[in-house]
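Novice: Note that numbering that gives the first Met the number 0 has the sequence shown beginning at 0, numbered continuously upward.
Ideal placement from N, C-alpha and C gives every residue a C-beta, glycine not left out.
What follows is a structure written as structure tokens; I'll ask about it next.
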Amino acid sequence: MNRVILHCDLDCFFAAVEIRDNPKYKDKPVIIGADPKEGHGRGVIATCNYEARKYGLHSAMPISQAFKRCPHGIYLKPNGEKYYKISKEVMDILETYSDEFQKVGTDEAYLELTSITNDYREAEEIAKEIQKEVSSKVGITISIGIAPTKSLAKIASDEHKPNGITMVRPDGIHNFLKDMDITRIPGIGKKSKVYYYKNGIKKIGDIISTPLPKMKELFGKHGRWIWKVANGLDNRKVKEFHEERKSISAERTFYEDTNDFSIIMKKLEDINEKIHKSVIKHHISYRTITLKIRLTGFETYTRSKSYDLPIQDQPTVIKTVLDLYKEFKDNKKKIRLLGIKLSNFNRNLKVKQTNLLEFARI
Ligand code: TTP
Ligand code: MG
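What follows is the structure, given as structure tokens:
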């Protein structure tokens, strides 16, 4: 079965935050990093916005060199605490889109959507939804790649920056990669590319057309790995559900906003089915059930109900969310998104049931 994976990466992250907080910098080259001290400063650029990149500036460039190329730029010191807080805000949003979520560094994350949808068109709708939510709630932009493997999704998220969405369908992998320089593969940097170049491997298409045994012979383990990446055979998982998770949720966006009750009910049943696969797999019971509704536009509501004792009961969840939905039934506005969240967990249902039985005996 084909997988659907999203890789989300914030655009010029530190610089985007500073521009958000100082809109007057918007169309100027903004550089975050060491103090340039009129060209005599030591240290490097952490990042810069796309305006500054027009002057050839980039992360890790010595700040003195940056100043020579772009003396009129706005040079700012990094504010780590602020970026940490904003990174968390973004991750909290991303995490609501799939239980299979993996944060990588401060500004990127993978989301496995395979159990939510197999349809790349629907995945694109979800990606648009993520961009809108990050932009409206946090005020910065994010680029997203959609592909059947993690490495392809990462290459794709870099393709149309800033604020881009790039889809690589399983049948489009070869076309997408073949003319790219091999350094677009994560893990091939300026140094390691030299060795590949010497052996006539410059484009990703050259990797694809080299037989695997030859790649292994020439470049060892590394060669085998990049051959797999280039052929869409990276089967690394997006990190699974972790013990500290406090809730489990899933959301779905409609292709077209609707107030047709049968469509709404079907969607809620699908979502409920999906989250119960995880709930059962991880032996989780929950006390709180939350319904999330977004109407046409961006109005979003959540309504919850908590039970006294933990349950793991799919029919009760659907009954509860339909009850919570009643409040919105007569609303004239159509519905754009629906979500269900389960929280207030009790792990290891078996143990809990035993305890309950003992309790009942007393
Ligand atoms: P990146 O995602 O590599 O860069 P970016 O978000 O600034 O730009 P892009 O639009 O190309 O994704 O890194 C995320 C943040 O990490 C970046 O804003 C600053 C920090 N960083 C450093 O401090 N030093 C570095 O060398 C790099 C690459 C990043
Ligand atoms: Mg980034």
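#1: Would you kindly report the start and end of the unbroken beta strand (DSSP E) that includes Asp8?
#2: If I follow the unbroken alpha helix (DSSP H) through Tyr196, where does it start and stop?
#3: For Lys149 and Gly40, I'd like the C-alpha separation in whole angstroms.
#4: Count the other CB atoms, across all protein chains shown, that sit within 10 Å of the CB of Asn234; report buried if there are 16 or more and exposed otherwise.
#5: Since Tyr82 sits in a beta bridge, which residues does DSSP pair it with?
#6: Under 7 Å from any heavy atom of the ligand MG, by CB: list those residues in chain order, please.
#7: Restricting to Cα atoms, I'd like to know which of Glu124, Ile145, Lys332 and Asn345 is closest to His281.
#8: For Asp256, which of helix, strand or coil comes out of DSSP?
#9: Going by C-alpha to C-alpha distance, which of Ile339, Asn230, Leu294 and Asn117 sits closest to Asn330?
#10: Return yes when at least one heavy atom of the ligand TTP lies under 7 Å from the C-beta of Pro161, else no.
#11: Which ranges does the beta strand (DSSP E) cover as unbroken runs of at least 3 residues, wholly within the stretch 211 to 299, from first to last along the chain?
#12: Thinking C-beta only, is Lys325 closer than 8 Å to Asn258?
#13: Quick one: does the C-beta of Ser135 sit closer than 7 Å to a heavy atom of the ligand TTP?
#14: In chain order, which continuous runs of the beta strand (DSSP E) of length 3 or greater are located wholly inside the stretch 10 to 80?
#15: Would a C-beta distance cut-off of 8 Å place Pro364 and Pro147 closer than the cut-off?
#16: Check whether the Cβ of Ser386 lies closer than 7 Å to any heavy atom of the ligand TTP, and answer yes or no.
#17: Is DSSP giving Tyr109 helix, strand or coil here?
#18: Could you tell me whether the Cβ atoms of Ile30 and Ala65 are closer together than 8 Å?
#19: Ordered along the chain, which non-local residues of its own chain (more than five positions away) have a Cβ less than 7 Å from that of Lys192?
Specialist: Looking at the atomic coordinates:
#1: Ile4 to Leu9
#2: Lys189 to Lys197
#3: 39 Å
#4: exposed
#5: Note: Tyr82 sits in no beta bridge, so no partner.
#6: Asp8, Leu9, Asp10, Cys11, Phe12, Asp106 and Glu107
#7: Asn345
#8: strand
#9: Leu294
#10: yes
#11: 246 to 257 and 283 to 294
#12: no
#13: no
#14: 29 to 32, 44 to 47 and 73 to 75
#15: Outside the modelled stretch of the chain, which goes from 0 to 361, sits residue 364, for which no answer is possible.
#16: In this structure the chain extends from 0 to 361, so residue 386 is not present and cannot be described.
#17: strand
#18: yes
#19: Ile181 and Thr182
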